[in-house]
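Note sheet for the following structure.
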Amino acid sequence: MENTNKRYWKGVEELRNDPAFVKNANSEFANPDANSASDPDGLFGGNTQRRDFLKAMGFSVAAVSLAACEAPVRKATTYLNKPERTFPTISDYYASTYVDRGDYASILVETREGRPIKVEGNPSSSVTFGGTTARAQASVLSLYDIDKLNGPRRGDAAIDWPTVDREIVNQLNSVASRGGAIRIVSSTVLSPTTKAVIADFVARYPTARHIMYDANSAFGIIQANQLSFGRPVIPSYDFSRAQTIVSINADFLGTWIAPLEHAKPYALTRKVGAIGNGKKEMSRHYQFETGMSMTGANADYRTAIKPSQEGLVVAALYNRVAAKLGGTSISAPAVNVANLDKAANDLVQARGRALVVAGSNDPNIQVVVNALNSLLGSYGTTIDLNTPVNYRQGNDQQFNAFVDDVKGGRVGAVMFFAANPVYDHPRGAELAQALPRVALSLSFADRADETASLCKYITPAPHFLECWGDAEPRQGFYSLMQPAITHIFKTRQFESSLLTWAGRPNDYQTYLKNYWRTNYYPQASGFDSFDAFWIKALNDGVFEPNKGRAAAAGGATFAGNLAQAATGIAQRYKPTEGMELALYESVNLGTGSMANNPWLQEVPDPVSKACWDNYAAVSQKTANDLGVQQNDLVTVTVNDKSVELPVLIQPGQADNTVSIAIGYGREKAGKSANNVGKNAYPLAGIVNGHVVFAAFNAKVEKAGGTHEIAQTQTHDTVMGRRAVVQEAKLADYQKNPMAGRYLPKVETSEGPTDPTNITLWHGYGKPNHSWGMVIDLNSCIGCNACVVGCISENNIQVVGREEVINRREMHWIRIDRYYSSDAEAEDVKGLETASANPEVTFQPMLCQHCSNAPCETVCPVLATTHSTEGLNQMTYNRCIGTRYCANNCPYKVRRFNWWKYFDNDNFDYHFNNDLGKMVLNPDVTVRSRGVIEKCSFCVQRIQEGKLTAKKERRRPLPDEIQSACAQACPTNAIIFGDMNNPESTISQILEKETTGRAFHVLEEINVRPQISYLTKIRNKDQVPQQETRQESQV
Amino acid sequence: MHVTSAVRTPLVTGGKTYADVTEDVSRQVEGRPTREWTIAFTISVIVLLYGTACVFWTWWEGLGVWGLNKTIGWAWDITNFVWWVGIGHAGTLISAILLLFRQKWRTAVNRAAEAMTIFAVICAASFILMHMGRPWLAYWALPLPNTWGSLWVNFKSPLVWDVFAISTYFTVSLVFWYMGLIPDLATIRDRARSKVSRYIYGALSMGWNGSAKTWARYEYMSLILAGLSTPLVLSVHTIVSFDFATSVIPGWHTTIFPPYFVAGAIFSGFAMVQNLMLIIRVVFKLEDYITVEHIESMNKVITLTGSIVGVAYLTEFFIAWYSQVEFESYAFINRATGPYWWAYWAMMTCNVISPQLFWSRTIRRSVVWTFTLSVVVNIGMWFERFVIIVTSLHRDYLPSSWAMFHPTLFDISDYIFSFGLFFTLFLLFAKFLPVVNMAEVKAIIKSSSEKLPKSVSGVAKGERVTNPAFNKNVE
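As they're listed, the protein sequences go chains A and B.
Numbering that gives the first Met the number 0 puts the first residue of the first sequence at 0, with every later residue one more than the last.
Numbering that gives the first Met the number 0 puts the first residue of the second sequence at 0, with every later residue one more than the last.
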């Protein structure tokens, strides 16, 4: 068919079909001069086509908008070769040992893909009983402390290990060849193998000597035992066998010697009813102390004494007991304080089951205490001198001599290991001045701390979680330390360094193994080979050949010079009129070695509930006398040293005394610790060569100005609210297990009825599990281990001092501390004021997982809902942040993310750097700003436990699943479990205690919590006048 | 249509004619902005800009910039929210309930009062958004179909009820207000000289032609919307009060809240209307329309509602004692004698004592007294919400969590933001829309049975009757 369409040319070019024309025929906008553009390849160059431009434009717009919407995936790396037995998302546990100076716990380390994320107590240990302290729990964060040194240093310059080794060996040789003294200064070394390494080093350099000192010295006890029994040791104390406990300034649950070793046995004597195996007896605990310690807060009878009365109280107590038991009395000035006669009577009655402990570092006091215990027959029952403990081996006199030697230029080389005397010794300033004159000074500190920064070399030792090692906390009880991660920084273990410099093979793992082969394997039985023994010991974490060995009865006969001690006491302790100072160790920070741990800084003091600061604690009366109020700055002066601190009004503080915590005021520890509080060590005295944490001649003056103390709880009393705290006296409890219970009734037309009988709700079915908790107010000692355990498990953010002052701490579990008040129940103003020497109740408070949860009904978007297992669940993703739930929570346990706390340099507490974030538990979401969070009953653990059970085709075992707080608790005061499982501990306790001690907080509002509390029972006499007070405050 | 009594005092004074009404009201819209308006508007915009910057920072940084804490999760935010919602109530009450009750004096003030309602609700809504931790997800509080599975709102939550209550209230108020505006917008359209204003007001007046049928529809719609709005006057603040009443917090958990909140809302709303109208009548020279009679009537409402509120306060105390619930007793003792005693007594003085002064005829007819006391009442009502929210929360069940609230700069600035927003909107309204409902006011010019002057029916656009005097041309 013929094409009838006419063809028209657009131009002559088309007719001619020029090649140039054909080439460009399809380009709409011809670019006649492409090559002349200045940027021929660029987008904005002359040769860019319209479409290219649009493409580029479109791509850029799309890329920009995509980048804005989508969070980038960062650093997600899969295993190229997956390590054997490491599974992503599955935790591995290694038994190890937490050691920080004399602080010890046998632990299990939870690691995830090779990084430790949590520390748990090791239940195999019969020294720490599977318990943990706040510090042991928090130690995992210190592993990821970015303030640590990343390698060895000479002065401020980083150098490498071979150089360091060469230089140090040269200098050691030159010092040794001159016959100059080499000193290894350390805190208590718990490891026998480390001591062997030191011995090897000393063998190579014979002028070397190892000097141990403790910032919280117990040298007085060691010396007293030398004087009394000829044995320079600290005995082990068995509180579980004590019926009457008298403690004079010994915070044995919080800081004294080995709190973890004391806590559980002590708690055993305090548990009554179903949680105490049906027992209705409990120990009676007297405390004579200056400040209100955590232990004092747990005492049945507490007497506030001035430090100058300490020796007199011990002497008076001894004389009263001696009068009854026929001992020789000693002469000492009389002292008039409450409860002395009562304590003496109870001690005598409990003879053989009595225990007297004293926290003093004065050997005279300890000698009298030894005599007293000996008189009471405590040796062989509550005190075991044959199995001494090693937590404090420091020798104050040796250390003093060392300081003198350094000052006198008699030391050629000094090495500091786990020691920071410039900061934590009263003579630190003298040492700091003299140290630069020592030819070779080096520190094994992990950071350039107060001492290390003055040393010529720093050869950083790794964190204990990166180390091989062992410990012998108590004679014949060994435990192993194994690394849970490879070295994060270029650090080397202290032992490897010493071995290197001693010219020995520096493989400490082999050394350790050999040491155990030689020394401990022979003590073990039932192993085919050393390897089998070694693997078992590594698996268990502990090897305890002395376990179960009974304390040798009568194994100790007091042979001290009592009269001499009495003279010493009479000379030193005289009644004073002025202000006296008592230094004490903080339960959280201890001696301050872990001060750069924001978890510990933010956990409040168990008693004062203050954090991020130390302070001058005074009684209300003393504050009035001084004309100061809380937060006013005062200057505390002892001799010529002074510190300026804010005042904290502490009920229970002895009048005319001021208590200050050590462990604060670090200057070179890192960003979380520097300049937090003031260093109180310089105020400590040295009496007869002993470090003494008291001064009888303190001056306290108003300094002008204020410094606000951050407190997580600012209201001290329970306001007579029996719906909150229910308590009874032991005698009443023995008659009636429901003594002290508050059973409110609601009036209806049919007469009074239980509030729980009136409800709008139909309730939730809990067909499968019903997770719940029982908290024993009687065995909670307030130690904060649960709080830090929860922080560590649930990625809880640290908010810092300012935000705690703003009352915004994020802790999911807190320990409410209530003081009793002298006021009558109707006097609501008076009830706000605590007694001068109050009774104290600790009440752990966390989400109660109410079955009729007020938070759930008010959430507009169903972000908080109820599970079929009794859990009150929080869906962070759904939360829009109205905070209505938090307002409507009667227990005020919900926490709002006021800010973005991670990756935010305003919250510089390790969660703004990649290293710090390695501590995060990958099972728990890090909450964003603007959402509510709260206790989940560790739902991730419940889920994991159920899945494990499911994989093994079984039901979860009773008590198999544990919340972090219950697991951390050293006294088993928190019991978690499935209330639907009749085999579980919680069910068994509740079965008996529902008609006994178990109560719900705020029962009358009928929110039906899943948490029951067991009434607080005080072992107090029924004294009429005290009775009225008791009535008014419960 | 209405029979009027001869003894009634005229509602519009000054012998205004229909033409005068149109002229007096339209003058403000058509003329150049007055100096007073320009100054006021500039200040409002500056305040709004400052407030907006602060609100932006609040959203950017998070609610940490406020003074709230773990114990006190709401303070100024919800106080401001309830306060603004309460203020909004007067407009609806005036336009709806007073319409149904045939209170004709309302016609002079209802336009501005309704506008105030709408702007107050906008301010209140801004605090709903502001108080959220994640305001960008605010739409999750709406029952929208979604792709996340069966995610829905919680119909048990009073906050969801709030969402419905406030949005309904806002919609109905807006429609009611706008519908009332249409005849007046048409008047302005007809008088407009410039093409632009003719176009804009023409579009806004939606083709109003003034036919009898249109007027009839207008009347029907007014009645229907008044019927719809009336329950809203009662329901909105009732539901707002449920935010507190349905909770378990002592001091919140109170059955008296719904009537008490409604009375309080009307109380504060009338006070705010007084403040605004007293300014408008002077600045816009509308003394003949908004007369002392108006002021007195509204003061009577203020006294009545203020007394109801006072009785409610006392009832709360009585019930706290009578219930014998220790937590509730303490909550009320703590209000009066605790650390926030000053807030409580500020509230009592401002809300209970000050309106009682209006029993004196001199005071309630005095412009200065009225203005001052209205300000005092609104301060008192702000403190009422502060007392309910903060003093109840700060010491609830567990003494361990008791805390204090300290406002920060941002608490204050975000509140100031709402004033900037409110006054900017209100001044724009006052300049560009007729502040008095001309159509309805014209209907009440003849409120007595006396005859009208001949010239009263003069055409709006015609020559102004110079110096008209009431009844001067009566035949």
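Note that the Cβ used here is the ideal one computed from N, Cα and C, for glycine as well.
Quick caveat: nothing in here was measured; it's all calculated off a predicted structure.
Check whether the segment 948-956 of chain A and the segment 930-938 of chain A are in contact - that is, three or more C-beta pairs closer than 8 Å. no
Tell me whether A/Ser-216 sits in a helix, a strand or coil according to DSSP, three-state version. coil
A/His-284 beta carbon less than 9 Å from that of A/Ala-262: For A/Ala-262 and A/His-284, no; Cβs fall outside 9 Å.
Could you check the C-alpha separation between B/Leu-62 and A/Ala-835 for me, to the nearest Å? 40 Å
Nearest to A/Val-786 (by Cα), restricted to the options A/Lys-899, A/Ala-822, A/Asn-673, A/Gln-966: A/Gln-966
For B/Phe-370, which of B/Ile-279, B/Phe-421, B/Val-84 has the nearest alpha-carbon? B/Ile-279
Since B/Trp-344 meets chain A, which of its residues come closer than 9 Å, beta carbon to beta carbon? Here the premise fails: no neighbours, minimum Cβ distance about 17 Å.
Mind checking which residues open and close the alpha helix (DSSP H) that includes B/Ala-345? 340-347
Could you compute how far the alpha carbon of A/Val-717 sits from the alpha carbon of B/Trp-401? Their backbone Cα atoms lie some 11 Å apart in a straight line.
Contact list for the segment 989-1009 of chain A against chain B, Cβ threshold 9 Å: Residues passing the 9 Å Cβ filter: Val-1000, Leu-1001, Glu-1003, Ile-1004, Val-1006.
Curious, which full-length beta strand (DSSP E) runs of at least 3 residues does the segment 242-310 of chain B contain? none
Could you work out which residues of chain B lie near A/Asp-815, taking near to mean beta carbons separated by less than 9 Å? Leu-397, Pro-398, Ser-399, Ser-400
Cβ of B/Ala-459 less than 9 Å from any chain A Cβ? Legend: pLDDT at B/Ala-459 = 41, less than 50; position of this residue unreliable, value from coordinates given subsequently. Taking Cβ atoms only, chain A never reaches closer than 9 Å to B/Ala-459, which makes this a no.
Secondary structure of B/Gly-132, DSSP reduced to three states: coil
Considering Cα atoms alone, identify which of B/Pro-230, B/Leu-224, B/Gly-268, B/Ala-311 is closest to B/Thr-254. Residue B/Ala-311 is the option with its Cα nearest to B/Thr-254.
With a threshold of 9 Å between beta carbons, is A/Leu-1013 in contact with chain B? It does not; no Cβ of chain B falls within 9 Å.
In terms of alpha-carbon separation, which member of A/Ser-671, A/Ala-784, A/Thr-993 lies closest to A/Asn-905? A/Ser-671
Backbone secondary structure at A/Thr-705 - three-state DSSP: strand
Residues bridged to A/Pro-115 by DSSP? A/Thr-110
Between B/Arg-334 and chain A, is there a C-beta pair that is closer than 9 Å? no
So that I know if they touch, is there some Cβ in chain B lying closer than 9 Å to that of A/Ala-565? Not an interface residue.
Am I right that A/Ala-217 and A/Asn-80 are in contact with their C-beta atoms under 8 Å? What's the rounded C-beta distance? In fact, because the Cβ distance is near 50 Å, the residues do not count as touching under 8 Å.
Take every Cβ of the segment 387-407 of chain A, pair it with every Cβ of the segment 366-378 of chain A, and state whether three or more of those distances are shorter than 8 Å. no
Within the segment 824-876 of chain A, ranges of the beta strand (DSSP E) (whole runs, at least 3 residues): 839-844, 863-865, 871-873
Does DSSP classify B/Glu-315 as helix, strand or coil? When DSSP states are grouped into helix, strand and coil, B/Glu-315 belongs to the helix group.
Burial state of A/Gln-796, where buried means 16 or more other Cβ atoms lie within 10 Å: buried
Could I get the ranges of all uninterrupted beta strand (DSSP E) runs contained in the segment 332-357 of chain A, with 3 residues as the minimum, in chain order? 353-357
How is B/Gly-457 classed by DSSP in three states: helix, strand or coil? Its pLDDT being 42, under 50, B/Gly-457 is placed unreliably by the model, and the measurement read from it follows with that caveat. Coil at B/Gly-457, not helix or strand.
Short check: CB of B/Leu-392 to CB of B/Trp-82, under 9 Å? no
Can you tell me whether A/Gln-712 is helix, strand or coil according to DSSP? coil
Looking at C-alpha atoms only, which residue of A/Ala-622, A/Tyr-507, A/Val-723 is the closest neighbour of A/Lys-701? A/Ala-622
Taking C-beta to C-beta, are A/Phe-443 and A/Pro-420 nearer than 9 Å? no
What is the rounded straight-line gap between the Cα of A/Asp-404 and the Cα of A/Thr-517? 37 Å
Find out if the Cβ-Cβ distance for the pair A/Arg-203, A/Arg-491 is shorter than 9 Å. no
I'd like to know whether the C-beta atoms of B/Ser-417 and B/Ser-125 end up nearer to each other than 9 Å. Yes.
How big is the Cα-Cα spacing for A/Ser-328 and B/Glu-327? 59 Å
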